[in-house]
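To keep things clear, I will list the structure first and then write my remarks on it.
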Amino acid sequence: MSKGSSEVVSVSNLVDHLVEGGFATTKKGAAAVISTLFERITQEVESGKKVRIHGFGTFRMKHKPAHAARNPGTGEEVHVPAKDVLVFKAAKHNSESNDAE
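The numbering of the sequence shown is our numbering, which starts it at 50 and goes up by one.
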């Protein structure tokens with residue numbers, strides 16, 4: 050897949066792949082595995098930990114401080130409050146192989 054591609058892989062595509070590959074016996078079971086995995090990643094990151102999946106990447110929280118911004122429609126200055134956001138950084142060899150495509 051090239052950069053800028055609009056192709057999207059959904060959870061149902063991942064579920065189908067797990068069942069077809071023999072990693073799960075039912076779609077319901079595969080969906081439960083995926084759901085549990087993402088719930089656990091979210092819980093760990095929200096508790097302040099980094100979640101590193103070797104060969105894939107790292108999930109972590111990043112603090113974004115409050116700042117002033119401008120409404121592009123009106124030009125009015127608005128206050129954007131501080132917030133914590135979930136960020137993902139791809140593993141080095143993954144990002145290098147994606148850049149080559």
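Ideal placement from N, C-alpha and C gives every residue a C-beta, glycine not left out. Note that the structure is predicted; figures quoted are calculated from it, not measured.
Query	Result
By the three-class DSSP mapping on this structure, what secondary structure does Lys-99 have?	coil
Where His-116 and Thr-123 are concerned, what is the direct C-alpha to C-alpha distance, given to the nearest angstrom?	18 Å
Should Phe-108 be labelled buried (16 or more other beta-carbon atoms within 10 Å of its own) or exposed?	buried
So the candidates are Phe-87, Ser-61, Leu-86; which of them puts its Cα closest to the Cα of Thr-75?	Ser-61
Near Val-68, which residues of its chain fall below 6 Å by C-beta distance, leaving aside the five closest residues on each side in sequence?	Lys-76, Ala-79
Using DSSP's beta-bridge definition, name the partner residues of Phe-153.	The question about residue 153 has no answer here: the residues shown for the chain are numbered 50 through 150.
Give the range of the beta strand (DSSP E) segment to which Ala-115 is assigned.	Note, Ala-115: premise wrong, no beta strand (DSSP E); not H, not E.
For Ala-139, which beta-bridge partners are listed by DSSP?	Gly-106
By the DSSP assignment, the beta strand (DSSP E) with Glu-126 in it spans what residues?	126-129
Is any heavy atom in the ligand NAP found nearer than 7 Å to the beta carbon of Leu-86?	Inclusion of the ligand NAP in the displayed structure is not the case, the ligand content being empty and no account of it being possible.
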